[in-house]
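Chains as they are written, first to last, in my numbering: chain A, 11 to 306; chain B, 11 to 306.
We treat Cβ as the ideally placed atom computed from N, Cα and C, and that holds for glycine.
Taking it in order: structure first as structure tokens, then the write-up.
There are 2 protein chains.
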Amino acid sequence: MQAPTSGRSHSDVERSPRPAAVAGDGLGAPHATVRVAVIDDDSGFLHVLGKRFERLGWQQRVLASPVPVDDLVAMRLGALVVDPAILGRAAWDYLQDVVERMPGLAIVVCTARSSVAQRVRGLRMGVDDWLGKPCHPEELVARIEAVLRRGRRADERHDRPALVSGELEIRGDQFQAFVEDRSAELTKREFELIDLLAGAEGRVLEREEIYQRVWGYAMARGDRSVDVFVRKLRQKLEKASPGWKYIHTHFGVGYRFAPEPVVEVAEPNRVIAPPTERAERGEATVAVDDEATARV
Amino acid sequence: MQAPTSGRSHSDVERSPRPAAVAGDGLGAPHATVRVAVIDDDSGFLHVLGKRFERLGWQQRVLASPVPVDDLVAMRLGALVVDPAILGRAAWDYLQDVVERMPGLAIVVCTARSSVAQRVRGLRMGVDDWLGKPCHPEELVARIEAVLRRGRRADERHDRPALVSGELEIRGDQFQAFVEDRSAELTKREFELIDLLAGAEGRVLEREEIYQRVWGYAMARGDRSVDVFVRKLRQKLEKASPGWKYIHTHFGVGYRFAPEPVVEVAEPNRVIAPPTERAERGEATVAVDDEATARV
DNA sequence: GACGAATCGTCACAACCCGTTCACATCCTC
DNA sequence: GAGGATGTGAACGGGTTGTGACGATTCGTC
């Protein structure tokens, strides 16, 4: 329906070489991935937004009708776009509920017709941004990003503690990955990488895509950075969680995140030995009797 | 660097004595007052806004013409409202400059006539909100508050009733931190800093956020104050509680508070000694195998 | 108002970290 | 087996952080 007013406009926005990750900018790189839900009934709008999100690699959920807040909570969202119009009378209560139960969530209201008083009430209540309905998807995305950017620090919090895959728990607010009581400290890049991979669990991501999303700009030909970081991650994860393999290589394509117990094929007399073992690692140390056996 | 080309410029902003973060208030409701500057040439708009801010008790500075970014930095602002129209050609560069040099500052653009492309560009660049010119002061204020709220929201929950982390006890009412019964004799800034960090135990806080919340205004790029105070704190804590490490550095990101026994790597023979049991602080002792957390 | 102590912020330099790149070994596919 | 892709270890270098010292400012006291 509405192509960006000027095709050029966003292309140059997109590609802007990103101010060289200024020192101060901290977490610099863009969200590896954003989990966003849209509650709206305008199918055209939803369609355009959907495509936009997809292009950004955001995980999205489109909801043509209101869902219980419980369900929203369960979705572990990073952002929510909502048109209170379809919420009817209960709109304010609903918003209030969302605000209270999902601290840190980026909430953007997008609706036709609204008075100053309503906007003020909404913003005061905890809505992060409020815009009029015929709104450009590009601008909506930019506003969501602005909100996330600002709240990035605060948002991860305990509620959306982390991404849990298999026995691995990744906590963004701590820059650490946990397995039982062991932890691996990750550097900024390592964390961004594992966050991206784990967020796309089971899916093969190509190097170019990984690079683009983690580094924020296009990968140069022959650049091996991704490989190197994958190796670093593997080392740390292996150390923290022996007996498990998390990152799989797909020759000629890229990498795929999927926790799987390592199978010993070497000695035929060895029964399939899931994680439990990990004895050989030498430094037994604190017996972390991990019950991971369950697997397989 | 932040000294001032123009002595007078920030006079009225500077002076107000900063409601003395009442002792009790710890960091609970930090900086109820906001230091805000408005760069605009619409006298009517300025007047209305001025009255509004005044009523809120915000310290304000009205600038009818653009001032050097240096001066803005010197004003130690929490929020900035600006109409790029009066910046002329240099508008984008000016904004870029502001964004880069004052991380954490809440920037709201308020201008007549702007295209989607411009808004997107601005928001991507770091502007927090962008609204059209005939704008209601009440809404503007609500939006500024929304932006600030977002940057702060983190853990308003710790109210100050003496926070105990590991073996460290922080008593807000006394403005002191204790280990066992020895006081660490902290200065005000030091106390505010440790209070903030400990209140967010386990989480990595970025420098900008720390600065914003402890100092109360945006951090200037390149400011090392946080590092210096972290060092002072480490010295005092180390002295009061040898063998323990409280503040961890996350390269390129910020700091994380988490009490941990210091590890003696020399001897491979270790005993686990989590923060609970505290041995005599005298000895090097606590040879803990920390394996966990140790950078795996 | 002058003096002194304490606190705060800045600076310069040293130490270190981490992202990058390289060289080489190993693996995969054809 | 050839040739390219990926794994692995090490080294480099720029940028970040640690550290000590020095002014600036504030505050209390005389």
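Can you check which of these residues, the options, is closest to residue i by C-alpha distance?
{"i": "Ala95 of chain B", "options": "B:Asp81, B:Trp140, B:Glu202, B:Gly88", "result": "B:Trp140"}
{"i": "Val263 of chain A", "options": "A:Arg217, A:Leu97, A:Pro147", "result": "A:Arg217"}
{"i": "Phe188 of chain A", "options": "A:Leu243, A:Val109, A:Val92, A:Arg159", "result": "A:Leu243"}
{"i": "Gln343 of chain A", "options": "A:Gly54, A:Val48, A:Val272", "result": "Because residue 343 of chain A is not part of the residues shown, which for chain A are 11 to 306, the question remains open."}
{"i": "Phe63 of chain A", "options": "A:Val46, A:Leu73, A:Cys145, A:Cys120", "result": "A:Val46"}
{"i": "Phe55 of chain A", "options": "A:Gln184, A:Thr121, A:Arg129", "result": "A:Thr121"}
{"i": "Glu177 of chain B", "options": "B:Phe261, B:Arg153, B:Glu270, B:Trp225", "result": "B:Glu270"}
{"i": "Gly67 of chain A", "options": "A:Arg223, A:Glu211, A:Pro76, A:Val77", "result": "A:Arg223"}
{"i": "Ala230 of chain B", "options": "B:Asp52, B:Leu82, B:Ser53", "result": "B:Leu82"}
{"i": "Val130 of chain A", "options": "B:Ile180, B:Arg131, B:Arg266, B:Ala156", "result": "B:Ala156"}
{"i": "Ser251 of chain B", "options": "B:Glu179, B:Phe261, B:Asp52, B:Val108", "result": "B:Glu179"}
{"i": "Trp102 of chain B", "options": "B:Ala74, B:Gly132, B:Ser53", "result": "B:Gly132"}
{"i": "Gly161 of chain B", "options": "B:Ala152, B:Arg181, B:Glu219", "result": "B:Glu219"}
{"i": "Ala210 of chain B", "options": "B:Asp52, B:Phe267, B:Ser193", "result": "B:Phe267"}
Which residues of chain B have a Cβ atom closer than 7 Å to the Cβ of residue i, listed in chain order?
{"i": "Val130 of chain A", "result": "Glu148, Glu149, Ala152"}
{"i": "Phe185 of chain A", "result": "Val214, His260, Val263"}
{"i": "Val126 of chain A", "result": "His146, Glu148, Glu149"}
{"i": "Lys5 of chain A", "result": "Within the shown structure, residues of chain A are numbered from 11 to 306, placing residue 5 of chain A beyond reach of any answer."}
{"i": "Thr121 of chain A", "result": "Ordered by position in chain B, no residue passes the 7 Å Cβ test against Thr121 of chain A, which lies about 15 Å from the chain."}
{"i": "Asp138 of chain A", "result": "Ala156, Arg160"}
{"i": "Lys242 of chain A", "result": "Residues of chain B passing the Cβ test: none, with the nearest at roughly 11 Å."}
Do you know offhand how far residue i's Cα is from residue j's?
{"i": "Lys255 of chain A", "j": "Lys246 of chain A", "result": "11 Å"}
{"i": "Asp315 of chain A", "j": "Glu148 of chain A", "result": "Nothing about residue 315 of chain A can be read from this structure; chain A reaches only from 11 to 306."}
{"i": "Asp205 of chain B", "j": "Tyr221 of chain B", "result": "13 Å"}
{"i": "Asp233 of chain A", "j": "Phe239 of chain A", "result": "12 Å"}
{"i": "Gln186 of chain A", "j": "Leu203 of chain A", "result": "12 Å"}
{"i": "Val214 of chain B", "j": "Phe201 of chain B", "result": "18 Å"}
{"i": "Asp138 of chain A", "j": "Arg123 of chain A", "result": "18 Å"}
{"i": "Ala84 of chain B", "j": "Val58 of chain B", "result": "25 Å"}
{"i": "Thr197 of chain A", "j": "His146 of chain A", "result": "36 Å"}
{"i": "Arg111 of chain A", "j": "Tyr104 of chain B", "result": "39 Å"}
{"i": "Val72 of chain B", "j": "Lys61 of chain B", "result": "11 Å"}
{"i": "Asp50 of chain A", "j": "His258 of chain A", "result": "38 Å"}
{"i": "Pro144 of chain B", "j": "Leu150 of chain A", "result": "21 Å"}
{"i": "Ala164 of chain B", "j": "Leu158 of chain A", "result": "Only weak support exists for where Ala164 of chain B lies, its pLDDT of 49 falling under 50; the value from the coordinates is given anyway. Whole-angstrom Cα-Cα distance: 14 Å."}
{"i": "Gln106 of chain B", "j": "Tyr227 of chain B", "result": "19 Å"}
{"i": "Ile154 of chain A", "j": "Arg241 of chain A", "result": "33 Å"}
{"i": "Val126 of chain A", "j": "Thr43 of chain B", "result": "24 Å"}
{"i": "Leu97 of chain B", "j": "Pro76 of chain B", "result": "6 Å"}
{"i": "Arg134 of chain A", "j": "Lys249 of chain A", "result": "47 Å"}
{"i": "Arg199 of chain B", "j": "Trp225 of chain B", "result": "8 Å"}
{"i": "Asp136 of chain B", "j": "Gly253 of chain B", "result": "With the sequence shown as reference, residue 136 of chain B is identified as Gly, and Asp is not the correct amino acid for it. Cα to Cα, the separation comes out at about 42 Å."}
{"i": "Arg167 of chain A", "j": "Val79 of chain B", "result": "With a pLDDT of 39 at Arg167 of chain A, under the threshold of 50, the modelled position of that residue is not reliable, and no figure is offered here."}
{"i": "Leu207 of chain B", "j": "Asp183 of chain A", "result": "13 Å"}
{"i": "His260 of chain A", "j": "Gly212 of chain A", "result": "12 Å"}
{"i": "Val108 of chain A", "j": "Glu195 of chain B", "result": "43 Å"}
{"i": "Arg86 of chain A", "j": "Arg181 of chain A", "result": "14 Å"}
{"i": "Ala152 of chain A", "j": "Ser193 of chain A", "result": "35 Å"}
{"i": "Asp191 of chain A", "j": "Val174 of chain A", "result": "14 Å"}
{"i": "Gln128 of chain B", "j": "Gly142 of chain B", "result": "12 Å"}
{"i": "Thr235 of chain B", "j": "Tyr265 of chain B", "result": "It is worth fixing the name first, because residue 235 of chain B is Ser in this sequence and not Thr. Going from the Cα of Ser235 of chain B to the Cα of Tyr265 of chain B covers about 13 Å."}
{"i": "Ala74 of chain B", "j": "Arg65 of chain B", "result": "21 Å"}
Please compile the residues from chain B whose C-beta is within a distance smaller than 9 Å of the C-beta of residue i.
{"i": "Val79 of chain A", "result": "Per Cβ cutoff of 9 Å: no residues; Val79 of chain A is ~19 Å from chain B at best."}
{"i": "Lys198 of chain A", "result": "His260, Phe261, Gly262, Val263"}
Going along chain A in order, which residues have a C-beta closer than 8 Å to the C-beta of residue i?
{"i": "Leu133 of chain B", "result": "Glu149, Ala152, Arg153, Glu155, Ala156"}
{"i": "Arg234 of chain B", "result": "Per Cβ cutoff of 8 Å: no residues; Arg234 of chain B is ~11 Å from chain A at best."}
Run through chain A and tell me which residues come within less than 7 Å of residue i, C-beta to C-beta.
{"i": "Asp52 of chain B", "result": "In chain order: nothing, as chain A lies at least about 18 Å away."}
{"i": "Arg65 of chain B", "result": "Per Cβ cutoff of 7 Å: no residues; Arg65 of chain B is ~15 Å from chain A at best."}
Given 8 Å, three or more beta-carbon pairs between the stretch 73-93 of chain A and the stretch 113-121 of chain A: yes
Secondary structure, alpha helix (DSSP H): runs of 4+ residues fully inside the stretch 101-126 of chain A: 101-111
Those runs of the alpha helix (DSSP H) which lie wholly inside the stretch 191-245 of chain A and span at least 4 residues: 198-209, 217-225
Uninterrupted alpha helix (DSSP H) stretches inside the stretch 47-71 of chain A (no shorter than 4 residues): 53-66
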